[in-house]
Structure formats: C-alpha cells, structure tokens
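Each protein sequence line maps, in turn, to chains D and U. Residue numbering for the first sequence follows the UniProt record's numbering, beginning at 1 and increasing consecutively. Residue numbering for the second sequence follows the UniProt record's numbering, beginning at 1 and increasing consecutively. Virtual Cβ for every residue (Gly too), placed ideally from N, Cα, C. Each remark here refers to the structure printed beneath this line.
Protein chains: 2
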Amino acid sequence: MSYKAPLKDMLFVMNELAALSTINALPGCEDATADTAEAVLEENAKFCGSVVAPLNYASDKDPSFWHDGQVSTAKGFKEAFKSFAEAGWQGVQHPQEFGGQGLPKLVATPCIEMLNAASISFALVALLSDGAIEALLTAGSDAQKTTYLEPLISGKWTGTMNLTEPQAGSDLAAVRTRAVPQGDGTFKVFGTKIFITYGEHDMAENIVHLVLARTPDAPAGVKGISLFIVPKFLVNADGSLGARNDAHCVSIEHKLGIKASPTAVLQFGDHGGAIGTLVGEENRGLEYMFIMMNAARFGVGLQGIGLAERSYQQAVAFAKDRMQSRDLAGSAGPVAIIAHPDVRRMLMSMRSQIEAARALAYVGAGISDIAHHHPEAATRAANLAVYEYLVPVIKGWATEMSQDVTRDGVQVHGGMGFIEETGAAQHYRDAKILTIYEGTTAIQANDLVGRKTVRDGGAVANGIIAQVRATEAELAAMDGADFAAIHRQLAEGSAALEAVVAYVAANMKSDIKAVFAGSVPYLRLAGIVLGGWQMARAAIVAQGKLDAGAGDAAFYRAKIGTARFFADHMLSQASGLRSAIIDGSAGVLALGVDDF
Amino acid sequence: MSYKAPLKDMLFVMNELAALSTINALPGCEDATADTAEAVLEENAKFCGSVVAPLNYASDKDPSFWHDGQVSTAKGFKEAFKSFAEAGWQGVQHPQEFGGQGLPKLVATPCIEMLNAASISFALVALLSDGAIEALLTAGSDAQKTTYLEPLISGKWTGTMNLTEPQAGSDLAAVRTRAVPQGDGTFKVFGTKIFITYGEHDMAENIVHLVLARTPDAPAGVKGISLFIVPKFLVNADGSLGARNDAHCVSIEHKLGIKASPTAVLQFGDHGGAIGTLVGEENRGLEYMFIMMNAARFGVGLQGIGLAERSYQQAVAFAKDRMQSRDLAGSAGPVAIIAHPDVRRMLMSMRSQIEAARALAYVGAGISDIAHHHPEAATRAANLAVYEYLVPVIKGWATEMSQDVTRDGVQVHGGMGFIEETGAAQHYRDAKILTIYEGTTAIQANDLVGRKTVRDGGAVANGIIAQVRATEAELAAMDGADFAAIHRQLAEGSAALEAVVAYVAANMKSDIKAVFAGSVPYLRLAGIVLGGWQMARAAIVAQGKLDAGAGDAAFYRAKIGTARFFADHMLSQASGLRSAIIDGSAGVLALGVDDF
C-alpha cells in the first residue's frame, strides 16, 4: 500500500501539454524553470511517499476522535504536518511576500495531487488553508494580511471554511448565523456550522475560521451574507495568541470515509459571542467565499486524481503479484492476474481516465497562471474565462471518475478487495465525499450550464471546441490504426459536445428544467471530450518523440496505447450522452412527485 | 429507513411480463394461482418489512463477532430467523415432499428480492441454504436427502458452500482440501476454506457444510474435485445431533459491508479429521457445485435488485422531505429537492434500472419454471438454454447496477449521505460484494462469452434478439413521442447486440484475448438491451391498459415514462459499448506488463 508519485507522467504533462516553458516566460513566474519544477516535484514526491503515505491506512483504522471539545487527530498526523510546514510545502503557490515560494499554480498542482494520493484525510487540512489564504489575499485588509497570512502560509496555523448550517445545506441563501457589531470594529458571531473540515484539531497552534454570517440589517438571501475571520484563539497586536475565542467543537461526524479528517460541528457564541472581524465589505461575503470555493473546487478535482492514482497503483501491484488461473492463450500453471484480459481492461480504464484527468487539470492550472500573470489584459481575461469553464468540469468529472476508478480498484482485488485490511476498500469509501463537498456534482453542473455556458451563449465553450478541432486536424495527418481510431472518436465527441452546447444555450429560456435535466450528463460529456482531447494531444507528442528517436520509447508507446483505450472506451460514450441530454429530459421529468 | 415492498410493480411484472398464467398452467405449478401468488407476496412483504428490515442498520453498526470459535450474530437475527423458518419462508420454492411449499421460482423470486431489500446480511443465510438444498436435491443420495433436506427446508439447520481456499481464489482447479476414505463409507476431510458466508453462527442448531475436496487418487485440476457433506454436528441415524465435528471457525473477516453476515475462515480436520460423506459420484463435485452456483448466482442478481430498491426508497423519502433551494422555474421559498431536475434524474436512473432488472430477472424465473416443468422435452431444453444465457447477465448486470444505484443513493442525500447514521452509505458499502462473490462480473462475462455464446455459435443469443425484434415491430405500431424514442433506442441496442454476438462467435478461435477483452462490456450491453426490451414490453402493456381504461392510470403512465427514461439514458449507451467491444481490444491489450 505504498505510493510512488508518477513523476514521469506528471513531468510529461507539465512540460509537453501544459507548456511550462510558456508559463515560466510570464512575469513573476521566472523562477519556475524546468529544472526547478522538476526538483520541487521530486522533493515533494519523496516527502509524500515517505512521510504521509504510510499514515493513510492506520489513520483510517484509528481515526481522529473528539473528547471534551478537543479533537485528537490520528497518530502521526501532528508530526507529519509539522514536517510539511517546516519544509515549506503549504507555501508552494503563495506569495513570497508572506513567506511562500511564489511558484505558479502549474507547479503547485502536481504537489497537491501527490499529497492527496498520499492521504486525502491529511491533505484536507492544507487544502482548507489554501482556500483561506486565497480569500485573505483577495479581500483581507492590510492588517488582516499581516496578522494571518504568514502563520497560515508557514503552516503554523490552519484555516477553515464555514458555510453549511443544519437547515441550509448547499443553499447559502438560508444562512442564519448572526454577526453583531460591537462598535469597536469587531463583531460577535452566533450560530451553528456543520460539516466543517478540520474545524477542530491538534495539529496547529491556532485555527482561522472563515465564517459566513449576517449582520443585523443585512438583506435576505445571498446578498446579505458577509465573511468574517473568527480565530480559535484571539490574536494580540504582536501576533501572539490571546484568549480562547467562543467557537467550540461540539462533536465530529461518524463518516463513510476520510475518517482521519475531523468533520466538526462548530458552535459560535454560546458563551457570550465569538469575536470576529469583517473581511472586505459587508454583504460581499459570498463573492469572497467563491474565491475560496473556486480554488478549493480545483483542489478537490486534484483529490479525485490523486486518490484514483493511489487506488490504481495498489490494483496494479496486486494484479502483478496475485497468481490465479491459467492464461487464456494457454499456460501450464497459474499466471499473474494482470494477464487476464478483463483485469487488464479495468487497469487500462483506471489508468486512461487518471491520465486524461491529470492532463486536463494541469493544462487548466497553466491557463490559470496565464490568466493571472500575462501582461495583456485581454489575454488574461480570455484565459480566465477558459479556466472558469474548466473548473466545474475538472471538479465534477475527476471526482466522479475517482468513484469509478476506486470501484474498479476494489474489483481487481476480488474477494480480498472487500476485506478492510487490504486497503482497497478505504479508497472506495474515501472517494464518495469528493462528489459532494465543495459543491455536489449537480452544483458543478449548474455552474457549467448557467454561468459558464448560457451567460456567454456558449462562446467560451465553442472557442475550446475550435481548439479540439485543430487537434483533430493534426490527428488526420497521422498514420496508423491507433491515430485513426483516436481521430474518429474525438471527432464524434467534439460534434456531440458542440451540439449539446448549442442545445443548452438555445433552450435555457424556453425550457430551463429540460436543460438542467441534462446538466450532469453535459458535465460528463465535457469531461470525456476535453480529457480525450488532452490524451490525443499527448499521443501526438509521444509519436513525435518516437519519430525523433527520443529516449524512453516504452513510455511514449504506452501513452499512445492509453490514448487509444480512452478513445474506444470513453470517448465512444459521447453519442449516448448526447441522446441523454438532448432527448432525455422527457424521461427525467415524466413523473409527478406522487408517482415516486 | 423503512422498507415497503414494491408489490404493485412486482405483481405487474409477474402477471404481465413473466406471464404467471402460463406458468401456473404447467404440471406441478397449479397451486400458484394469481390469488395465491399475490397472497404469498403480501405476507412476505409484511414479514420482511416488519421483522427483518428494522434490523438492517443496527446489525451493521453492531455486527456479528467471533469469540473462542463461536460467532454471535447481530442482535435480533436469531429470533428473526426463527420466525422466518416457522413461517415457512425458507421452503417457498422447495418440494412439498420435504416440507416445502413447492411454488414456482417465479413466485419465490419476489420473496427473495424482498428479503434482500430488508437485509442483505440476513438474507444470505437463506440464500446459502437454498443452494445447499438444490445441490442435495440433484445429487444427494436418498439417505442424504432424508437426513438433511427437511431440516434445511424447515430452517432448523442452514447450509454453506465451501469453495475458496487461500491460495486458489476463484480458480477451483487449485483446490487442495483432502478427503480421505475411512473404509466405512465416510471420509476424513482436511483443509482450510476462506470466505465462507455464515460458516459459523448461532441462528440454527446445525450447519451443513458442502465442501469441495480431493480424494487421494483424484486427477489434477477441476476434474478431480468431489463434493462432501461435512455437518457442524454429526447426525445420528434418527436425525438427532451427535458429536461436534472437526470443522471449526478460526476467524471472521473485517469487511467493507454486509458486516452482519459472518464471513468465516473454516479449518477442517485440525483435530483428527472432519467426518464427511460424498455427495453423488467422486470427481463430479464441480458439476454439482455449479448447480448451487447457478441458483446462487441468480439469487445474487436478486440481491442487487433488492438492495438497489432499498437505496432508492430511502433516496426518494429524503428527496421528498428535504427542503432546499428555490425551484428553478421560480418559487418563493425552498422546495423539496425532488423538484430539482438533477435529483429527479438520479431518482429516475435508479428507478428505471431497478425496474428493468426486476423485469428481466422475473421473466428469467418464469423461463426457468418452463425449463423444469413443461411436458415437452424440446420446450424444456430450449427454455433452459435461454435461462442459462440470462443467468450471468442477471447476476453481472443487476449487481453492477446496484453499485451505480447505491452511489446515486448516497449522492441524493448530499453531505448527509456521507454520515453513517443516515444509512445510505451502508447500501453503498454492502453493494460492493455483489459483483465479487458467486463469481466476479468478469467470471459471469466469461461464462456468457464461452459457454453461453460461443459454444452454440450465438444461436440462443440470436433467438432472444429475434424476440426483441418482435417487440420492436409492436413498438413501430404505437403512437407518440415516447414510443418512438423507445423504438429507436431499442432498435439501435438490438443491432449493437447482434453485431457483438456475431463478433464474439467469429473471433473466439482466432483472437481469444481480444474477445475476452470485451467480455464485461458485452455483458453490460446484453443487460441494457434485454432490460430495455422488458421495459419496452412493460410500456406496451401499460399503454394497452390505459387505452382499455383500466384502473391505476398513474401507475401505467409512470411505467411508460420510466421506460422512456431507460431508452434515452441507458439504451443509448449501446453504440458506445459496441465500439468498446469491437474496436476496443487494441487499447485493452496495448501495454506490456512492465508498462504498468
């Protein structure tokens, strides 16, 4: 159950598909040379593989637990987080001004994938801190930045996001937590928040809760929500810790997975009021929270990829080791089960989906870097629009993929997979949260339909499809059955996606329910086609390397074979999804509520 | 988390699709009148809903446990099994001669679905007994039948299947357990068996282990395996219990799901030898075991359907109850989430797949009854061939379906789904075993390809496809958009299945690995097309009832809407699967072992 980071594929994607050489030519990104990036990835791989990965199984078996308002985290987590912080891993993508390394998102992205492959439960504490840092960088006052950013970026403190309340679920308009101004610039916060990841723990000196709440005269709905910093311990002017704040963990949840990550119910203000300070302007909390959410959503997509990779590695190891039954083509005795075609099919399904999602995510990270660092405003804006289109696809598709992959990961193990000691089942349990938190797949799909497709009449989507077509033209010029199959399937996929984008844009006003009845299938279609596009690009690059006689031919040949698998087994689903979206709403909406 | 059997749909399928009126016209099936069948189902529904279903959640939380060679089952299981036995439920489908009710499989089938919906873990003890009863009825001596059948059928004792050994997994050729003849007609059995469901428990007076083992001079491989009865307590000539046999439970597994069902490691013969008697002839054990396996495989398919139904009912209840977010088409306040299109899509996906799998399984049960009871040998043989084609499809497809459905079942609940107390996660965990035990999905698919398709050159498969075409001709004569969509998608599905059957039959000799690389996708395609066929038949019947002004119009309209959903969302996957099978082997087999 060890984890070895797939550095070869990560570097291939970073350099060849996401074009690090373009990114490190941008102002502010110059430090991210190919050599530096490679060195960072190698060091991170060592850390994740040797320090974090060994904790994953035991921390599921003996997870975090609550006692008297405290949470004791799983054995080894505290020490591992100290090492993580000291090595500077929390700060990879954050500004040097506040102690970070200031590297591009493209370099941070594989690091986040690796940490999550090592342990989703552990990585969550860092992911939540990343979100809090992003929000404070964007909307915090200078004083808030001075007080909070350095300890968060150094890993001395950690951050949380406090959105959900018992009665509200994903509906932030229903938030009831109150924030009452005290006349001294501070507020007293009262309310209950649930599902707060790392809302209480013993891995850092302080916890910086970012809390959505309503001021007394705020308008109803989402336009009356403000964002507050409510630290676990108040912070003195010199940065030292003051009194314990009135924010207490009353319980943690008993969950299907990610058991080592404490999921807290937090009670604010039961003993007089929790002291908080306003972030940015009143009533703009949702906007700031979306900054955290978008960063976090991309990060959850990476969780899906990392977890799927971990599950895949374990399945491969088992399939190579386990001897059972003769080879179909004839062998005297039993062979390793990786020789059996259906085991091979499952492994290829896992591998191809992971590689496709990884490529799409890293390419997205590079686009985000361009969106933030390019000197020309128009280029920044155009890339930001593409990135924002990709975020729900990466989050939604990569996390659903992780559930398919971890399911196959158990299945490859046969009966042993169902035994908890094997460890494969943990991944299957852990994966189930990923399509739920930071916005369910349906919420990602709503975002994709509403903000990302309908709002601009499908312009950004069609711009991306035009790029897919350019790749198809390259494929048309390639030789051999593999490229012919990849070309045919990608062309059918992009045609389906184009038709669906047109359908969504055209029917939103006249039949909104029909359009949203197909929103998740649309997200899935976008994931498959754009992931398949990246695999096609990868195959073209690989063929070029082979033609040029570059080293590591086996890697390039495997990449082409994996792209071929993705085309015939995944891209081939596009036409069915097109039917489900364009023809399928009648069935979705056929029944009355009482018919269920 | 209650369970209410879907009697209306069960009776519809039994009467209208599986044609109970044809079955109860067969000799030996006359007792199964429509009224009797309905009464049996209603009583069974009451029992399962009130006695067994309430145990399911608690028995997962505080499952069976091992101590000093004994297994204490979960609270309430012992009493519930006593009630089950006393009410005669173990004997529904078994011969009256041995105390059973002698009802057709078509009537027993919904009862088994209900018991599994109530609690998979509980139902397993009955499922294993059914298998042992089948094997003894077929291959047992008169003395064995006299001794063992009545107590098994009455539920006084229970049965087990002992196949798997640590080194052998699914490869029965590698079985090493030894059976040494004692010269008095008995054997001493020595060996270790793992994954023995209900291999030890406290719910019955005795446990009848059916054990695969090798006699001293047996040939190697599967042709040297014999089947033995090795009871936990030896049985005296008068049927009373004798000495404790040397068959001991040394541990039970710590599993992902079905935790209340003890999965035993059994040690035979560590204290001198476990006394067993041979069933049937030496070296024919595998053949007899397949009798149990085929019955059990069909039963596991029903487990998938029952579990999926339970998950669906829970999701529907939550979706009707949970108020969150406004209606897309506009509402003042929050609405029940069943109003949201993607929640509706998930519920329809769950519902339509359950109904399709139920219809296919019950129709299969009816075909099995014809195969066993029809006066004409040719008709029996023809129906047996169709039933045997359907068994791997029902087992493989319905169990994979149950994993899709229980995943959606968690997803509908959002964050609450991930909390174990909600109960939705248990179904997701429980479902994962169903594609593994009694032969993994790959093993079902191998059976479908090898024995059921290639052996007769696709004749049985094509005979079934011809029946699908007859339904398509009926669909062509129906009015309206729903029937047009169903017709179009079913026709595309049957064309894909026909092409795949031809491909499989044609390429087995020349390229066996390529054919088996597509075996699981072929099984899935067969499930979707044949399930879609049953939904189309159901829709035609429903329209006929509506046209005739029959009561319960809402039920019939919902059936047509559900069939429409299945067509656009499930049957539409057929063309992609066809590509994956016919073009997809190159990708499956592209990599060398070292490339992984």
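Where residue i and residue j are concerned, what is the direct C-alpha to C-alpha distance, given to the nearest angstrom?
i: F47/U; j: V593/D; result: 28 Å
i: Q426/U; j: E287/U; result: 35 Å
i: L124/D; j: A506/D; result: 40 Å
i: V316/U; j: S83/U; result: 30 Å
i: Q324/D; j: Q411/D; result: 15 Å
i: S368/D; j: E281/D; result: 26 Å
i: T453/U; j: S21/D; result: 54 Å
i: T33/U; j: V40/U; result: 10 Å
i: Q489/U; j: A567/U; result: 6 Å
i: residue 598/D; j: E200/D; result: The question about residue 598/D has no answer, for chain D in this structure spans 1 to 596.
i: S50/D; j: A554/D; result: 27 Å
i: L11/U; j: A371/U; result: 22 Å
i: I120/D; j: G185/D; result: 38 Å
i: L390/D; j: Y362/D; result: 11 Å
i: T440/D; j: H413/U; result: 10 Å
Got a sec, what are the start and stop residues for the beta strand (DSSP E) residue i sits in?
i: N383/U; result: Per DSSP, N383/U belongs to no beta strand (DSSP E); it is in the alpha helix (DSSP H), 377 to 412.
i: I229/U; result: 226 to 231
i: S72/D; result: 70 to 72
i: G159/U; result: 157 to 162
Tell me the DSSP secondary structure of residue i in three-state form.
i: C29/U; result: coil
i: F596/D; result: coil
i: M14/U; result: helix
i: M292/U; result: helix
i: H373/U; result: helix
i: L210/D; result: strand
i: N24/D; result: coil
i: K188/D; result: strand
i: T263/U; result: strand
i: L328/D; result: coil
i: N446/D; result: helix
i: T277/U; result: strand
i: S64/D; result: coil
i: K255/D; result: strand
i: L589/U; result: coil
i: L136/D; result: helix
i: P181/D; result: strand
i: K320/U; result: helix
i: T215/U; result: coil
i: A87/D; result: coil
i: L124/D; result: helix
Alpha helix (DSSP H) containing residue i: first to last residue?
i: G269/D; result: Looking at the DSSP string, G269/D is not in any alpha helix (DSSP H), and its letter there is neither H nor E.
i: V546/U; result: The question names Val, but residue 546/U in the sequence shown is Leu. Here the alpha helix (DSSP H) through L546/U covers 519 to 547.
i: M114/D; result: 105 to 118
i: V40/U; result: 34 to 47
i: residue 610/D; result: Residue 610/D is absent from the model: chain D starts at 1 and stops at 596.
i: G561/D; result: 553 to 569
i: F483/U; result: 481 to 507
For residue i and chain B, any beta-carbon pair shorter than 7 Å?
i: A586/D; result: No chain B is present in this structure, whose protein chains are D and U.
Using a Cβ cut-off of 7 Å, which residues of the region 519 to 542 of chain U contact any Cβ in chain D, in chain order? S519, V520
Between the region 246 to 275 of chain D and chain U, which residues of the former have CB atoms less than 9 Å from a CB of the latter, in chain order? E253, H254, K255, L256, G257, I258, T263
Taking contact to mean 3 or more Cβ pairs, one atom from each stretch, closer than 8 Å, check whether the region 427 to 441 of chain U and the region 257 to 269 of chain U are in contact. yes
May I ask you to verify whether the region 198 to 210 of chain U touches the region 66 to 86 of chain U, counting CB pairs closer than 8 Å and requiring at least 3? yes
Three-pair Cβ contact test at 8 Å for the region 397 to 409 of chain U versus the region 533 to 544 of chain U: no
Okay, do the region 22 to 35 of chain U and the region 121 to 141 of chain U touch, 3+ Cβ pairs below 8 Å being the bar? no
Pair every Cβ in the region 474 to 490 of chain U with every Cβ in the region 559 to 576 of chain U, then say whether three or more of these pairs are closer than 8 Å. yes
Of the residues that make up the region 426 to 441 of chain D, which ones have a beta carbon closer than 8 Å to any beta carbon in chain U? Y428, R429, K432, I433, T435, I436, Y437, T440, T441
Three or more C-beta pairs below 8 Å linking the region 494 to 501 of chain U and the region 414 to 422 of chain U: no
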